[in-house]
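Peer 1: One structure coming up, written as structure tokens, with questions to follow.
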Amino acid sequence: MISAITKALHELTQQDLETLCDKKWPESQNVEFKSGLSAEQGRQDPWYKDGKVGDYAKRKLFKEIVALANSSGGRLFLGVDESSEKPPVAANFLPLPRCHDLAESLERSAYSWIEPPLTPMKVRAVPIGNDGSGVVVFDVQSSHNAPHRLKDLHCYTRRGTESVPMTMYEIQDLTLRLDRRTEEIERSFDESKTEFHAWADRRRPVTRKGVAFRVVAVPTGAPLYIARTFRNPQVILPIRNFNAVLDGQDSARVVLSASFDAGSERPIVRGSRREYENDEKGHACTVRCDGRIELRWKEFWSEPRENRIYLGWILGDVTNVMLMAEAFASAAGAPGSEYALEVEAISFSSSGFGPFPLYGWNTMHPYVGGVETPFIQRLTLADKNQVLSTLLTDLNDAAGQPLEKARTISLVQA
Numbered sequence: 081m082i083s084a085i086t087k088a089l090h091e092l093t094q095q096d097l098e099t100l101c102d103k104k105w106p107e108s109q110n111v112e113f114k115s116g117l118s119a120e121q122g123r124q125d126p127w128y129k130d131g132k133v134g135d136y137a138k139r140k141l142f143k144e145i146v147a148l149a150n151s152s153g154g155r156l157f158l159g160v161d162e163s164s165e166k167p168p169v170a171a172n173f174l175p176l177p178r179c180h181d182l183a184e185s186l187e188r189s190a191y192s193w194i195e196p197p198l199t200p201m202k203v204r205a206v207p208i209g210n211d212g213s214g215v216v217v218f219d220v221q222s223s224h225n226a227p228h229r230l231k232d233l234h235c236y237t238r239r240g241t242e243s244v245p246m247t248m249y250e251i252q253d254l255t256l257r258l259d260r261r262t263e264e265i266e267r268s269f270d271e272s273k274t275e276f277h278a279w280a281d282r283r284r285p286v287t288r289k290g291v292a293f294r295v296v297a298v299p300t301g302a303p304l305y306i307a308r309t310f311r312n313p314q315v316i317l318p319i320r321n322f323n324a325v326l327d328g329q330d331s332a333r334v335v336l337s338a339s340f341d342a343g344s345e346r347p348i349v350r351g352s353r354r355e356y357e358n359d360e361k362g363h364a365c366t367v368r369c370d371g372r373i374e375l376r377w378k379e380f381w382s383e384p385r386e387n388r389i390y391l392g393w394i395l396g397d398v399t400n401v402m403l404m405a406e407a408f409a410s411a412a413g414a415p416g417s418e419y420a421l422e423v424e425a426i427s428f429s430s431s432g433f434g435p436f437p438l439y440g441w442n443t444m445h446p447y448v449g450g451v452e453t454p455f456i457q458r459l460t461l462a463d464k465n466q467v468l469s470t471l472l473t474d475l476n477d478a479a480g481q482p483l484e485k486a487r488t489i490s491l492v493q494a
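Read in order, the letters of the sequence shown are residues 81 to 494 in this note's numbering.
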């Protein structure tokens, strides 16, 4: 794999795209090249003369996008000419004018041309030179809302390097497969919850209360797989702390502290786990070959008044899981793959669940409020700052301390 295929879309540069042509990268089930905006014979799309993108070009382009979304996903490079050989390979650039404006225009148009709306699509303009022209790259994940169709009512799929209309049998088969995929995702979350509750209460002294939380990420698009995660540095990342700012104000800095150090690593069936556990506390970080990633933490406090969870710990662990999910998707050759994220926090004793005291960012910050348990939230893993900001609001609401206005968290570096 080359960087133009594996790199996150927002990190792509002209140098990455040059490798497509240098290495004569071929079209495939997951890679499509288009030299430019199509037009009817003898004509040129209005965009090239400072107009708007024509419907003919949109239909030809979005047909390819729909086909990728209805199959296994991939990338489309608009502004890369292809050779005449079979399969075609990247030959040279044909930069499109006003590439940033073009990317924004096509992204907006996709919502009215594709049914149902295609949320797993990302678009980025990569300038070539200094005149504002460049290549527009579409990153399309296999969609769990498929089958998609154009507004002309046709569904398309990929067959080799071609995008072709789907048969009725293919549409029905895709619908059934996605139903099964949805059931698999729910089963993964259910298994995580069941295992977590049993693990959380394990080794708890009968006289002590405990608090625990878990953060789990599960791929929701096309299935991901890496044959071995044990001691694989591409997916086994260090557990870190993170600096962040609130509401964009550099003076309002906070630390999102990981709840634990990673511990020693050992192989498990189809995965890897770093863990530590004794009669006072425990933690575990699990990375499975199918892309499921989970962090767990628990502690049995000796004094009831110490039975607490810190906001910074939860958000720190969420950030670590999001970074590991990104790394896994890239290592599996599917950067930007969609994940769902579930966060659960509990307080428990021999008599069952009870509320846990939520404190601020770390041990130096005050009490926020009591949160009824189990506290469970599920989010789509998209923009990291948006996920963290949403959780900050949700946790404050659950603690009975709603924020007067929505607050944002921005990671300083991650």
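C-beta atoms are modelled at their ideal positions from N, C-alpha and C, and glycine is treated no differently.
What does DSSP give as the partner residues of arginine 294 in its beta bridges?
Peer 2: According to DSSP, arginine 294 bridges with Arg376 and Glu424.
Peer 1: Excluding sequence positions up to five away, which residues of its chain have a Cβ less than 7 Å from the Cβ of lysine 103?
Peer 2: So the qualifying residues of the chain are Ile82.
Peer 1: Can you tell which of Arg368, Val367 and Gly343 has its C-alpha closest to the C-alpha of glutamate 357?
Peer 2: Answer by Cα proximity: Gly343.
Peer 1: Rounded to a whole number of angstroms, what is the C-alpha to C-alpha distance between leucine 97 and glutamate 184?
Peer 2: Each residue's alpha carbon lies about 20 Å from the other.
Peer 1: Counting C-beta neighbours from all protein chains within 10 Å, is the total for glutamate 120 16 or more, i.e. buried, or is it exposed?
Peer 2: With fewer than 16 other Cβ atoms within 10 Å, it is exposed.
Peer 1: Just checking, does the segment 147-156 make contact with the segment 217-236 on the three C-beta pairs under 8 Å criterion?
Peer 2: The segment 147-156 is in contact with the segment 217-236.
Peer 1: Around the C-beta of phenylalanine 340, are 16 or more other C-beta atoms found within 10 angstroms, so that it is buried, or is it exposed?
Peer 2: Classification of phenylalanine 340: buried, given that the 10 Å Cβ count is 16 or more.
Peer 1: Tell me which residue opens and which closes the alpha helix (DSSP H) that isoleucine 319 is part of.
Peer 2: Counting along the chain, isoleucine 319 falls outside any alpha helix (DSSP H), and DSSP gives it neither H nor E.
Peer 1: Leucine 558: which of Gly153, Pro196 and Leu158 sits nearest, CA to CA?
Peer 2: Only positions 81 to 494 of the chain appear in this structure, which leaves residue 558 out of reach.
Peer 1: Excluding the 5 residues flanking leucine 156 on each side, which residues of the same chain have their C-beta closer than 6 Å to its C-beta?
Peer 2: Excluding residues within five positions, the ones whose Cβ falls inside 6 Å are Glu112, Glu144 and Phe218.
Peer 1: Between the C-alpha atoms of histidine 224 and asparagine 400, what's the straight-line distance to the nearest angstrom?
Peer 2: So the two alpha carbons sit approximately 25 Å from each other.
Peer 1: Indicate the three-state DSSP secondary structure (helix, strand or coil) for threonine 86 in the structure shown.
Peer 2: Reduced to three states, the DSSP call for threonine 86 is helix.
Peer 1: If we ignore side chains and look at the alpha-carbon of each, how far apart do leucine 186 and asparagine 110 end up?
Peer 2: If I take the Cα positions, the gap works out to 20 Å.
Peer 1: How big is the Cα-Cα spacing for proline 437 and leucine 471?
Peer 2: About 16 Å.
Peer 1: Straight-line CA distance for tyrosine 468 to aspartate 135?
Peer 2: For the sequence presented, residue 468 should be read as leucine rather than tyrosine. Cα to Cα, the separation comes out at about 39 Å.
Peer 1: What first and last residue would you give for the beta strand (DSSP E) that runs through glycine 396?
Peer 2: First-last for glycine 396: 391-411, but that is the alpha helix (DSSP H), not the beta strand (DSSP E).
Peer 1: How big is the Cα-Cα spacing for valine 286 and isoleucine 426?
Peer 2: Rounded to the nearest angstrom, the two C-alpha atoms are 17 Å apart.
Peer 1: Less than 8 Å between the beta carbons of valine 423 and glutamine 457, yes or no?
Peer 2: Contact flag set, yes.
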